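Here the structure comes first, spelled out in structure tokens, and everything after it is commentary.
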Amino acid sequence: MNKRASGSKRQKNNSQTSVSLAETIPSAVKNLLASCDSDVCFDHVDAAPIPYHEAVVQIIQQARRILFPGYFTQTRLDRVSLEYYLGQQMTQLFDSLSKQIVLSMQHGCLRFDQPCQQCTERGNKTALQFIQSLPPLRAVLAKDIRAALDGDPAAKSFEDIIFSYPGLLAITVYRMAHVLYELEVPLLPRIMTEYAHGLAGIDIHPGARIGESFFIDHGTGVVVGETTEIGDRVRIYQGVTLGALSLPRDAVDQYRNKKRHPTIEDDVIIYSNATILGEKAIIGARSIIGGNVWITDSVPPDTKVLMNVPGLVYIGNGTRSTASKDPLS
Amino acid sequence: MNKRASGSKRQKNNSQTSVSLAETIPSAVKNLLASCDSDVCFDHVDAAPIPYHEAVVQIIQQARRILFPGYFTQTRLDRVSLEYYLGQQMTQLFDSLSKQIVLSMQHGCLRFDQPCQQCTERGNKTALQFIQSLPPLRAVLAKDIRAALDGDPAAKSFEDIIFSYPGLLAITVYRMAHVLYELEVPLLPRIMTEYAHGLAGIDIHPGARIGESFFIDHGTGVVVGETTEIGDRVRIYQGVTLGALSLPRDAVDQYRNKKRHPTIEDDVIIYSNATILGEKAIIGARSIIGGNVWITDSVPPDTKVLMNVPGLVYIGNGTRSTASKDPLS
Amino acid sequence: MNKRASGSKRQKNNSQTSVSLAETIPSAVKNLLASCDSDVCFDHVDAAPIPYHEAVVQIIQQARRILFPGYFTQTRLDRVSLEYYLGQQMTQLFDSLSKQIVLSMQHGCLRFDQPCQQCTERGNKTALQFIQSLPPLRAVLAKDIRAALDGDPAAKSFEDIIFSYPGLLAITVYRMAHVLYELEVPLLPRIMTEYAHGLAGIDIHPGARIGESFFIDHGTGVVVGETTEIGDRVRIYQGVTLGALSLPRDAVDQYRNKKRHPTIEDDVIIYSNATILGEKAIIGARSIIGGNVWITDSVPPDTKVLMNVPGLVYIGNGTRSTASKDPLS
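Chains as they are written, first to last, in the working numbering: chain X, 17 to 345; chain Z, 17 to 345; chain R, 17 to 345.
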């Protein structure tokens, strides 16, 4: 009896819902479409195809299998089969990468109302140039891995770094994306670095220029802006920002494509959560930037910049510590 | 011979392991079950079904396909088919969303030992209200996208922002979750914003109230607490915390559902890693908060708050820089 | 006509590309292989198998289903079937975990050119020890969940915490990885904690020692280093670093396996983005560390350490706030 009552109640609800559903969805669709007639919406309809996020993720994973053979696969490799394995992987990579590059270029042409007859040719050529960049990229990444082992006492082995270090993941993806950025591929480089950003919390713009033996430890919250320049053997920690000064709302357009970010010279170490902003901030070689500081000016070579200890207040049981000593020494 | 020896050794090991396995697992199961008889454990047995994480992720992705038609699909859309596409997507979204809302509501009722005869009806109605909110949501998100292009010289196109900006992803998911939060759906809104937190490193509580044209750049480490209020055209950077002051352990309960977080008025800019805590912190319109500062009080309108440059010590080659100038000018 | 012209053009491009492709890929493979003959590259060829990332992710998810029965599955559980469910899950967990442990141990032996006849036996035994640790682990995690509800006014229910709190995810994975770290399993523990780091932005080294009722709120950017010790009922917020002082390049090796990280005593609270570095930093019981401070020395028990308010400059409309009061009170 109860069951029937509740059953009939449910039926009533269902039919009520059905009526509302039959009215609500067409009306919501109509409103969504209407909002497209004004200029307040974004859609991608009747346009050239655009790159597809999942395909870009596959490209990154395949390139990693080529750059670190044997690490990111369950396929057991040996010296004899390695050549065939790499040849097959590279052919697949070329196919999928050239497709996404062509889509990105077609989309870029469309945006500026340009004809796009050569997109396919240019896209394929660019994909080949990327393939050619893989051997030198591999050598550069090997130096990054050594820098991680040299810089972190918690690193137990190269395998630890290759498997687990988010810094290496972010640098690997950045170095791939930078090759495509330099080859003037639109959209794709940023999709790639944002994939790494999502995984590692490390946001390196594909336009940044970064030297050899670069090590990012922990890394969550690191930001490296588009026009940043970083020398060799630089080491940075989690939360470090190499960013731009925020611009007045009416000045943003005139700063596009201009130098807006810091320059970090060789052998600099930047501790966690330090913020270095603007193109005037040139951090001289071998300097050490302490944690949590905020810098918008240049620092000469061989300098330590630290937060002043009297900047802290001790309340309660503690006594104010003196600031006469260098806490890093 | 060696092979047989090692084979027999392995067999011995296997049988040893088997014996241990035969003992260990039942004993571990028993201990796990025993721990459930006391109050020191959490399980979800004999209870109403609960929302399922993977289903929530699908809901978010489907809603994104509706809010940004054509961007997150390989299906090529045109003006003629768009209406049918949106209608079909919305119907699917209603089905999966209403199911998860009903599960969340049933679970909430059970928690307070309340009968739940109307959960299905209320859940379906709530899902319809969510569907109705999509067209206005789309217009609000369009303003967020424009704010990103206006605020970031590194943004090359609207597509760049829609595809790649973690800030837009976090804001999109927050705005959807906030609709469900206002409709008093339990569990689900927080699962949604934590999904975005995991991807983007940006933690916006679904209860926060955020105005139009909101832009978060980079974003990793951003925290926006439950009772935060944010005006229009506010711009914040990575690592910014709009949080609560930590409470004494015995005071936590009396602060639930009370205002505990800052208020940020229109046109404020907050630089990276600034921390603003507590409901007394009201940041006046058009103010600029510098990076890495820590604020628990109000700031009047049209004010710049910066870390004092003499707060830094330069050791070595550097000379102490003077603090007489405004580093943002 | 146009179509044919463009068709023939495309054919030309294709054949050009084909030629380049036929040359480029073998040459790139050759260069990649050549780079392996020098010592500038990393590969994993002709070596013992290594643990597989996807398998480790499955292990973590299965262990979570055992530790929180009924929460992370669509299977509806009841008291009668629970025992069989747990037994089946544990057997599967043993199978997959022992396999990955054995692979990790074999890889470790190979690295030091040691024979590895006992890897399988040791691996299986270690997997059993892990299974045995699950019931006590479950009780410890229950205390972590209670600490979250006690510490966060925004927590609506235990379910909210179990489903959505990234801090609980990171602590759960850390506590599992720490068991394997103590059992001297190579590679695997760090792969596990880095999986959580990727999802939650919280980087807890498996070697850290952490007491009961640990609560991390929000959590993005948190770093807890390898030799950190944390007492009971400690509460930390997003962006907190418990790290090591950076070492001179030639001193890194002598610090491996030595205490390099802080000690945090019972009942300490550490606000967002505070940085505490080095083994000399012992934070006394019941102390409160304010946000954004940078500490390399000890703090006595019952002390508050705050950033000095005069460390800020107010420019424009604002008046300099006085520093005479304790902003936390």
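Note that beta-carbon positions come from the ideal geometry of N, C-alpha and C, so glycine has one too. Note that the coordinates shown come from a computational prediction; the quantities given were computed from them, not determined experimentally.
Option in the options with minimal Cα separation from residue i
i: Z/T291; options: R/I220, R/Y190, R/I246 and R/V256; result: R/V256
i: R/F110; options: R/Q78, R/M121 and R/D166; result: R/Q78
i: R/Y287; options: Z/I285, Z/G259 and Z/A301; result: Z/G259
i: X/P67; options: Z/V45, Z/A164, Z/T91 and Z/I161; result: Z/T91
i: X/L397; options: R/L165, R/A193, R/G217 and R/D59; result: Given that chain X is displayed from residue 17 to residue 345, the structure contains no residue 397 of chain X and the question cannot be resolved.
i: R/Y253; options: R/Y271, R/G247, R/H194 and R/F230; result: R/F230
i: X/D219; options: Z/F88, Z/Y197 and Z/S180; result: Z/S180
i: X/Q134; options: X/I285, X/A143, X/I246 and X/Q122; result: X/Q122
i: X/I246; options: X/A297, X/G86 and X/H234; result: X/A297
i: R/I187; options: R/L157, R/L196 and R/V201; result: R/L157
i: Z/Y87; options: Z/A143, Z/F146 and Z/I178; result: Z/I178
i: X/A163; options: X/I285, X/M192, X/S149 and X/P65; result: X/I285
Whole-number beta carbon distance between residue j and residue i, since they are thought to touch under 8 Å
i: Z/D176; j: X/L203; result: 7 Å
i: X/S303; j: X/T279; result: Not a contact, Cβ separation roughly 12 Å.
i: R/T236; j: X/T236; result: 6 Å
i: R/L293; j: X/G294; result: 27 Å between Cβ atoms; not a contact.
i: R/N289; j: X/N289; result: 6 Å
i: R/V45; j: R/S120; result: With a Cβ gap of about 30 Å, R/V45 and R/S120 do not count as contacting.
i: X/G139; j: X/P182; result: Actually they are not in contact, since the Cβ atoms of X/G139 and X/P182 sit about 31 Å apart, beyond 8 Å.
Rounded C-alpha distance that separates residue i from residue j
i: R/F174; j: R/T107; result: 28 Å
i: Z/T244; j: X/R95; result: 59 Å
i: Z/S36; j: R/S114; result: 13 Å
i: R/V118; j: R/I75; result: 14 Å
i: X/N273; j: R/R276; result: 43 Å
i: X/Q116; j: X/C132; result: 15 Å
i: Z/G227; j: Z/H194; result: 12 Å
i: Z/R154; j: Z/L93; result: 18 Å
i: X/N29; j: Z/E137; result: Note that X/N29 scores a pLDDT of 45, beneath 50, so its modelled location is shaky; the value from the coordinates is reported in the next line. Taking the straight line from one Cα to the other gives about 6 Å.
i: X/R80; j: R/Y100; result: 41 Å
i: Z/S43; j: R/L184; result: 26 Å
i: X/I232; j: X/Q270; result: 32 Å
i: R/F84; j: X/K141; result: 53 Å
i: Z/K341; j: X/P316; result: Legend: pLDDT at Z/K341 = 38, less than 50; position of this residue unreliable, no value from coordinates given.
i: X/V73; j: Z/A171; result: 21 Å
i: R/P151; j: Z/I41; result: 11 Å
i: Z/D283; j: R/I311; result: 34 Å
i: X/H69; j: Z/T89; result: 9 Å
i: Z/K159; j: Z/A212; result: 20 Å
i: X/Y190; j: R/P205; result: 27 Å
i: Z/P169; j: X/P222; result: 14 Å
i: X/V250; j: X/E281; result: 8 Å
i: X/T335; j: R/V240; result: Because X/T335 sits at a pLDDT of 46, beneath the cut-off of 50, its placement in the model cannot be relied upon, and the following sentence gives the value as read from the coordinates. Rounded to the nearest angstrom, the two C-alpha atoms are 27 Å apart.
i: X/H234; j: X/L215; result: 12 Å
i: R/S51; j: X/D248; result: 21 Å
Contact set between residue i and chain R, taken where Cβ atoms lie within less than 8 Å
i: X/G306; result: W310
Cross-chain neighbours of residue i in chain R, by beta carbon under 9 Å
i: X/A216; result: H213 and G214
i: Z/P202; result: K172, S173, E175 and D176
Closer than 8 Å at the beta carbon, the chain Z residues around residue i
i: R/F174; result: F58
Interface flag, residue i vs chain A, CB-CB below 8 Å
i: X/P42; result: Note that chain A does not occur in the displayed structure, where the protein chains are X, Z and R.
Partner residues on chain Z for residue i, Cβ-Cβ distance less than 7 Å
i: R/A260; result: Within chain Z, no residue comes near R/A260; the closest Cβ sits about 20 Å away, beyond 7 Å.
i: R/P317; result: The contacting residues do not exist; R/P317 stays about 17 Å from chain Z at best.
i: X/E210; result: S180 and P182
Interface residues of chain Z facing residue i [CB-CB closer than 9 Å]
i: X/Y271; result: P169
Listed by chain order, chain X residues near residue i by CB distance under 7 Å
i: R/R225; result: Ordered by position in chain X, no residue passes the 7 Å Cβ test against R/R225, which lies about 14 Å from the chain.
Closer than 8 Å, Cβ to any Cβ of chain X: which residues of the region 64 to 78 of chain Z, in chain order?
none
Give me the subset of the region 181 to 195 of chain R whose CB atoms are less than 8 Å from a CB atom of chain Z, sorted by chain position.
Y181 and P182
Can you give me, in chain order, the residues of the region 274 to 292 of chain Z that have a beta carbon less than 8 Å from any beta carbon in chain X?
I285, Y287, S288 and N289
Near-chain R residues of the region 140 to 151 of chain X (beta-carbon distance less than 8 Å), N- to C-terminal order
N140, K141, L144, I147, Q148, L150 and P151
Can you give me, in chain order, the residues of the region 107 to 126 of chain R that have a beta carbon less than 7 Å from any beta carbon in chain Z?
T107 and F110
Between the region 227 to 249 of chain Z and chain R, which residues of the former have CB atoms less than 9 Å from a CB of the latter, in chain order?
Against chain R - using a Cβ distance shorter than 9 Å - the residues of the region 227 to 249 of chain Z are T236, G237, V238, V239, G241, E242 and T243.
Chain-ordered residues of the region 76 to 96 of chain R with a beta carbon less than 8 Å from chain Z:
I82, F84, P85, G86, Y87, F88, Q90, R92, L93, D94 and R95
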